[in-house]
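Engineer: For reference, each letter of the sequence shown is one residue, going -16 to 281 in my numbering.
Glycine included, every Cβ here is placed at the ideal spot set by N, Cα and C.
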Amino acid sequence: MPDKPIPSVIEEPAMRDALATVVEHSDNGNEPLQWNDVSGSLSSEEWGRLVREEVLVSDGTGFTLANPERVREALQPDEPLDTTTDTDGIEAESWAWYDKTAGLAALSLFAGYWSTGIRNTIASYDDLLLAPITDALPFFAVIILLALVTGLYSTVLQSRLRDTETIQAYQERMNELKERKEAAKERGDDETLEELQEEQLEAAGDQLGMFKLQFRPMVWIMLLTIPVFLWLRWKVRGGHLSGTEAGLIVPLVGAVGWQEPLFGPMKTWIVWYFLCSMVSRQLIQKTLDIRPSASPSD
């Protein structure tokens, strides 16, 4: 009779640990087992699943491994049948020199929020490009247009620069460690728990790796968005609006000036920009069929 294929449980870290326990207690799969023989190391759910999936089969006196040799081979860490996720070698792509340059430039632009001189310099250059638009459109429409433009390149940059595959690998590694830890707790396997604690400490660097991957598109987004926001602030707070640009008429509130608080301390122009930006990004994502993020289950 040909050997049955190894069931899918071999691919699950928690069940691999349970299967290794069965092999150990059955003299490498050569002796039959009863539930009482492994009840101290195996949960009833794990035992039941091994029986249901015919990893363990009844021989009249107990339960034996259906394919002991293939199970032993599959449990060897260097064999091809070991299909647990090998994420120890995850390496995030290093930032190129232009990414680092963009990061430094974005940090420099941040100074414009506190330095009037820097803000005025950046805004004056922006105004060379935006002045014709402000002459042709009312200010509320200018904000809508800027929100659409910033929403478009923000969505595209995040989609292009986000290393979804590596981020998923980091997430899968953390989920795997969590599953193995929960299974070891159920079995009361203190030795395995200590080993997993060490693995979790070693994997702490994954958080930094994920942060670098997720922050890379944000650097480029900020590099292009901060100047726009500084220009809007300069335009409104610096008194560069024409006398006809009084503000907005907001439902339930009425006429509100651009510099007047609308929601708490937030000024009307800030609220209007963020509302337009959020709506435009949603529309762009749906139009271009771009998902804002991905998870391992996708």
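Can you tell me whether Q265 is buried or exposed? The criterion is at least 16 other CB atoms within 10 Å of its CB, across all chains shown.
Structural biologist: Classification for Q265: exposed.
Engineer: Which value, in whole angstroms, describes the spacing of the CA atoms of S41 and G31?
Structural biologist: About 12 Å.
Engineer: Can you tell me whether I209 is helix, strand or coil according to DSSP?
Structural biologist: Reduced to three states, the DSSP call for I209 is helix.
Engineer: So is E29 buried or exposed if we call it buried at 16+ other beta carbons inside 10 Å?
Structural biologist: By the 10 Å Cβ count, E29 comes out buried.
Engineer: Which value, in whole angstroms, describes the spacing of the CA atoms of S263 and L135?
Structural biologist: Rounded to the nearest angstrom, the two C-alpha atoms are 8 Å apart.
Engineer: Could you pull out every residue in the same chain whose Cβ sits closer than 8 Å to the Cβ of S27, ignoring the five residues on either side in sequence?
Structural biologist: So the list reads W18, once near-sequence residues are dropped.
Engineer: Can you tell me whether G86 is helix, strand or coil according to DSSP?
Structural biologist: It is helical.
Engineer: For M249, which residues does DSSP report across the bridge?
Structural biologist: F246, per the DSSP bridge assignment.
Engineer: Specify the secondary structure class of L120 as computed by DSSP and reduced to three states.
Structural biologist: Three-state result, L120: coil.
Engineer: Determine the closest residue to I105 out of F93, I116 and P115, with distance taken between C-alpha atoms.
Structural biologist: Nearest C-alpha to I105: F93.
Engineer: Out of T47, L207 and R170, which one is the CA nearest neighbour of E14?
Structural biologist: It is T47 whose Cα lies nearest to the Cα of E14.
Engineer: Are there 16 or more other CB atoms within 10 angstroms of the CB of V38, so buried, or fewer, so exposed?
Structural biologist: Per the 10 Å Cβ criterion, buried.
Engineer: Take I253 as the anchor and find which of R220, V54 and K269 has the nearest alpha-carbon.
Structural biologist: The shortest Cα separation from I253 among R220, V54 and K269 belongs to R220.
Engineer: Can you find at least 3 beta carbon pairs, one from the stretch 118 to 128 and one from the stretch 242 to 261, that sit closer than 8 Å?
Structural biologist: Counting Cβ pairs under 8 Å, three or more are found: they touch.
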